[in-house]
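Participant: Chains as they are written, first to last, in this note's numbering: chain A, 202 to 268; chain B, -6 to 468.
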Amino acid sequence: MSEMNSGAGITNEERVRLLADLAGINVTDEDLSEVANRFASLMDELDRLKELDLSNVQPVVIFAEEP
Amino acid sequence: MAAENIVMMSATDTAAAIKAKTFSPLDAVRAYLDRIDRLDSRFSAYITVCHEEALDAAEQAELALARGDELGPLFGVPIAIKDQFWTAGILTTNGSKVYEDFVPNEDSTVVSRLKQAGGILLGKLNLSELAMGGTQNPPWGIPANPWDLERTPGESSSGSGVALAAHLCAASIGEDTGGSGRGPAAYCGVVGLRPTFTRVSRFGMTPMCWFMDAAAPMTKTVQDCALMLGVIAGHDPKDLYTSHKPVPDYTASLDQGVQGLRVGLIKELHESGDMHPEVKQAIERSLEVFREQGADIQEVSIPLIPFAGAIFVGIADTEGAGARDEILREQPEKLDRASRTRLQSAALVPAKVYNRAAKARVLLRQQFMEALNQVDILVSPTSPYPAPKHADLTAVFQNAEDVRSRFFFRRSYTGSYALTALPAISIPGGFTSDNLPIGLQLGARPFAEETLFRAAYAFEQATPWHTRVAPFASQ
């Protein structure tokens, strides 16, 4: 479970509702479950990247022609 | 020549036949318009068919031919464009109700260059909403795969793949942010290229993710693809990021063969347990085709590539959600449910997580470049499985694991080239036992499209896959 999905005492749907409110995005009751599933999965997948040593990597935009 | 024969021709052969006066531009345009009118209700490939404009352009072409004007490389060739590219005075919907009334004032650079080369615009092609994929109820109909109408033609340049496989245009331009051109090419049994990022102007191409969007020539043959790229590539003052590198004649070196070329199978993708067994067999047979022609076959490792789907979605969807913020806030009800929930979930991604994905992207690029120091061409399937059924693709996600298996995994195959700004092409690489196309994906170094075309052409000429006609297109 990712760092964003692991808060004690709060469900994925409640977390999404909270974040959406802060971001000013209106998630309807009908969509809430699907948005929560998508968000939880995205966070879990991106959490796998914590295995990588990224400490010396600059997050530059990549162009085809190297500087 | 009979209309039913004209529509089966490649763009290259169509242009040659018109120059030789075997048939006229009007003959070609009428042949395609008649076929679209007769068959497209079955496929929903087109959103807008430009009957009047195409016939007018064909009449102008007849006059140019009679005058003896200099003729461009696509002179008289009927082409169709994904409805993500601006066309002056012609509806450009981006596959979304949000843009159902959008009529641009000017052409995108891609469209402008196709016209300058003599191409005749037949119409605007269907796509997944906002070029994202997964649309559950496309406002202009569900595009159907000519190989099996119950299956998806791939996304998001769905209409481009369908129109080519059903012979409803001679050539097309799709768009490829993370596989949106190569995916439909694979599922529809045609050719689709993602050029090196910055090779082709993005001006007038409605963005999905600004630093990954790429115009994608989609064609019936590799030679057509090389021809189309030559027409649309090159610097554009309207898109300052386009490269100033000269544009070669991509068709000139097609027949140089693969003798001595180093071809590398991407180990991590090939060993994936999720790959369809017939897709895996087709890739192995493809390597034999290259080996028989003198290529040196190796295996290469790109350890980060299984993460590419997640990295891609973490960056592209998050940027896409930012770019669509106004729509998300003011008109969410106009979006298809799949687009809306995908964008809303991406809009909630924390900055530190996005930053991690951006760093992983840099590492992925390094690993690709190291692999491309060992080989000239990278090989994998375009998709790990053949075209899924519509219902399977658009079903509501049941849980997070369902999202992972149906959404992230397949994106590693094509999204990795978008993340790394490298060119890649999908060509017909075989068929399953139930007659579904399998896409063979080849990748190369930045601006090495000539090498890519050379390998793709050698493979195409040595195999029969591109000559097979889709069952629902043979009428």
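C-beta atoms are modelled at their ideal positions from N, C-alpha and C, and glycine is treated no differently. The structure presented is a predicted model; accordingly, all values stated were derived computationally and were not measured.
Less than 8 Å between CB atoms is the rule here; does D232 of chain A satisfy it with respect to chain B?
Facilitator: Counting from 1 along the first sequence, the entry for residue 232 of chain A is found at position 31. Yes, D232 of chain A counts as interfacial toward chain B.
Participant: Which residues in the same chain as K382 of chain B place their Cβ atom closer than 6 Å to its Cβ, once the five residues preceding and following it in sequence are excluded?
Facilitator: Translated into the one-based positions of the second sequence, residue 382 of chain B becomes position 389. E143 and R144.
Participant: Would you say T80 of chain B faces chain A, with C-beta separation under 8 Å as the test?
Facilitator: As a working mapping, residue 80 of chain B is identified with position 87 in the second sequence. False, the Cβ-Cβ gap to chain A never drops below 8 Å.
Participant: Under a three-way DSSP split, which group does E93 of chain B fall into?
Facilitator: As a working mapping, residue 93 of chain B is identified with position 100 in the second sequence. In the structure shown, E93 of chain B sits in coil (DSSP, three-state: anything other than H, G, I, E or B).
Participant: Do the segment 122 to 141 of chain B and the segment 166 to 182 of chain B meet, that is, are 3 or more Cβ pairs less than 8 Å apart?
Facilitator: Yes, the segment 122 to 141 of chain B touches the segment 166 to 182 of chain B.
Participant: To test your reading of the DSSP string, which unbroken beta strand (DSSP E) runs of 3 or more residues are found completely within the segment 392 to 457 of chain B?
Facilitator: Complete beta strand (DSSP E) runs here, min 3: 417 to 424 and 430 to 436.
Participant: Taking DSSP as the reference, what is the three-state secondary structure of E148 of chain B?
Facilitator: In the second sequence, the residue the question calls residue 148 of chain B occupies position 155. Here E148 of chain B sits in coil by DSSP.
Participant: For P374 of chain B versus Q434 of chain B, is the C-beta distance shorter than 8 Å?
Facilitator: Position 381 of the second sequence holds residue 374 of chain B. Position 441 of the second sequence holds residue 434 of chain B. Result yes, Cβ atoms of P374 of chain B and Q434 of chain B sit closer than 8 Å.
Participant: First and last residue of the beta strand (DSSP E) that includes S121 of chain B?
Facilitator: Here residue 121 of chain B refers to the residue found at position 128 of the second sequence. Unbroken run through S121 of chain B: none, as it is neither H nor E.
Participant: With H, G and I counted as helix, E and B as strand and the rest as coil, what does DSSP make of F465 of chain B?
Facilitator: What you label residue 465 of chain B is simply residue 472 of the second sequence in a count that begins at 1. Helix, per DSSP.
Participant: Check K231 of chain B in the structure and name its three-state DSSP category.
Facilitator: On the second sequence, position 238 is the one that residue 231 of chain B refers to. Here K231 of chain B sits in coil by DSSP.
Participant: Does the beta carbon of E246 of chain A come closer than 8 Å to any beta carbon on chain B?
Facilitator: To locate residue 246 of chain A, count along the first sequence from 1; it is residue 45. Judged by the 8 Å Cβ criterion, E246 of chain A is in contact with chain B.
Participant: Indicate whether at least one CB of chain B lies closer than 8 Å to the CB of G225 of chain A.
Facilitator: The residue given as residue 225 of chain A occupies position 24 in the first sequence. Taking Cβ atoms only, chain B reaches closer than 8 Å to G225 of chain A, which makes this a yes.
Participant: Look at the Cβ atom of P200 of chain B, then the Cβ atom of E261 of chain B, and state whether they are nearer than 8 Å.
Facilitator: Counting from 1 along the second sequence, the entry for residue 200 of chain B is found at position 207. Counting from 1 along the second sequence, the entry for residue 261 of chain B is found at position 268. No, the pair does not count as a contact, with Cβ atoms beyond the cut-off.
Participant: Counting only Cβ-Cβ distances shorter than 8 Å, please list the residues of the segment 341 to 357 of chain B near chain A, keeping chain order.
Facilitator: Within the segment 341 to 357 of chain B, the qualifying residues are L341, V342, P343, V346, N348, R349, A350, A351, K352, A353, R354, V355 and L356.
Participant: Please report the straight-line C-alpha distance between P146 of chain B and I431 of chain B, rounded to a whole angstrom.
Facilitator: The sequence position of residue 146 of chain B within the second sequence is 153, counting from 1. The sequence position of residue 431 of chain B within the second sequence is 438, counting from 1. Each residue's Cα considered, the two are about 12 Å apart.
Participant: DSSP state of V346 of chain B, grouped into three classes?
Facilitator: Along the second sequence, one-based indexing puts residue 346 of chain B at 353. Reduced to three states, the DSSP call for V346 of chain B is helix.
Participant: Enumerate in chain order the residues of its own chain whose CB-to-CB distance from E267 of chain A is below 6 Å, with the five nearest sequence positions on each side excluded.
Facilitator: As a first step, residue 267 of chain A is located in the first sequence; it is residue number 66 there, counting from the start. Here E267 of chain A scores only 48 on pLDDT, less than 50, and its place in the model is too uncertain to base an answer on.
Participant: Would you mind giving the Cβ-Cβ distance between M2 of chain B and A10 of chain B, rounded to the nearest angstrom? I have them listed as a contact below 8 Å.
Facilitator: Here residue 2 of chain B is taken as the residue at index 9 of the second sequence, counted from 1. Here residue 10 of chain B is taken as the residue at index 17 of the second sequence, counted from 1. Rounded, the Cβ-Cβ distance is 7 Å, consistent with contact.
Participant: For a contact meaning CB atoms closer than 7 Å, what does E235 of chain A contact in chain B?
Facilitator: Start at 1 with the first residue of the first sequence, and residue 235 of chain A comes out as number 34. Per Cβ cutoff of 7 Å: T334, V389 and F390.
Participant: Counting only C-beta atoms, is A301 of chain B closer than 8 Å to chain A at any point?
Facilitator: Taking the first residue of the second sequence as 1, we reach residue 301 of chain B at position 308. No - not a single Cβ of chain A is within 8 Å of the one on A301 of chain B.
Participant: Would you please verify whether the beta carbon of R218 of chain A is less than 8 Å from any beta carbon of chain B?
Facilitator: Numbered from 1 along the first sequence, position 17 holds the residue referred to as residue 218 of chain A. Judged by the 8 Å Cβ criterion, R218 of chain A is not in contact with chain B.
Participant: Assuming the contact rule is C-beta atoms closer than 8 Å, V258 of chain A and L365 of chain B should be a hit. Round their C-beta distance to whole Å, please.
Facilitator: Mapped onto the first sequence, residue 258 of chain A falls at position 57. Mapped onto the second sequence, residue 365 of chain B falls at position 372. Actually they are not in contact, since the Cβ atoms of V258 of chain A and L365 of chain B sit about 19 Å apart, beyond 8 Å.
Participant: Looking at the C-beta of G127 of chain B, does it have a partner C-beta in chain A at a distance below 8 Å?
Facilitator: Counting from one through the second sequence, the residue named residue 127 of chain B turns up at place 134. No, its Cβ sits nowhere closer than 8 Å to a Cβ of chain A.
Participant: Tell whether a beta-carbon distance below 8 Å holds between S150 of chain B and G167 of chain B.
Facilitator: Here residue 150 of chain B refers to the residue found at position 157 of the second sequence. Here residue 167 of chain B refers to the residue found at position 174 of the second sequence. A contact, by the Cβ cut-off of 8 Å.
Participant: With DSSP as the reference, please indicate the residues paired to S373 of chain B in a beta bridge.
Facilitator: Looking up residue 373 of chain B in the second sequence gives position 380. B:Q434, per the DSSP bridge assignment.
Participant: For G422 of chain B, tell me which candidate among B:F68, B:A178, B:A4 and B:A164 has the shortest Cα-Cα distance.
Facilitator: Taking the first residue of the second sequence as 1, we reach residue 422 of chain B at position 429. The residue with the shortest Cα to Cα distance from G422 of chain B is B:A178.
Participant: In chain A, what lies closer than 7 Å to L321 of chain B by C-beta?
Facilitator: For the purposes of this step, residue 321 of chain B is identified with residue 328 of the second sequence, where counting begins at 1. Per Cβ cutoff of 7 Å: I226.
Participant: Against P325 of chain B, what residues of chain A qualify as contacts under a CB-to-CB distance less than 7 Å, listed in chain order?
Facilitator: As a position in the second sequence, residue 325 of chain B is number 332, starting the count at 1. What P325 of chain B touches in chain A: N227.
Participant: Where does S256 of chain A fall in DSSP's three states?
Facilitator: By one-based count along the first sequence, residue 256 of chain A stands at place 55. Of the three classes helix, strand and coil, the one that applies to S256 of chain A here is coil, per DSSP.
Participant: Quick check on DSSP: helix, strand or coil for G176 of chain B?
Facilitator: Here residue 176 of chain B corresponds to residue number 183 of the second sequence, with the count starting at 1. G176 of chain B: helix per DSSP, three-state reduction.
Participant: For my contact list, P161 of chain B and L186 of chain B are in at a C-beta cut-off of 8 Å; report their separation, rounded to the angstrom.
Facilitator: Here residue 161 of chain B is taken as the residue at index 168 of the second sequence, counted from 1. Here residue 186 of chain B is taken as the residue at index 193 of the second sequence, counted from 1. Checking the sequence shown, residue 161 of chain B turns out to be Leu, not Pro. No, L161 of chain B and L186 of chain B are not in contact; Cβ-Cβ is about 20 Å, not under 8 Å.
Participant: Starting from F401 of chain B, find everything on chain A with Cβ-Cβ shorter than 7 Å and list it in chain order.
Facilitator: In the second sequence, counting from the first residue as 1, residue 401 of chain B sits at position 408. Simply E246.
Participant: Per DSSP, what kind of secondary structure is F361 of chain B in: helix, strand or coil?
Facilitator: Numbered from its first residue, the second sequence carries residue 361 of chain B at position 368. Helix, per DSSP.
Participant: Just list the residues that DSSP pairs S165 of chain B with in beta bridges.
Facilitator: For this step, residue 165 of chain B is matched to residue 172 along the second sequence. DSSP, once it has assigned bridges, lists B:A73 and B:M211 as partnering S165 of chain B.
Participant: Listed from N- to C-terminal order along the chain, which residues in the segment 171 to 194 of chain B have their beta-carbon within a distance smaller than 8 Å of any beta-carbon of chain A?
Facilitator: Here the close residues are T189, F190, T191 and R192.
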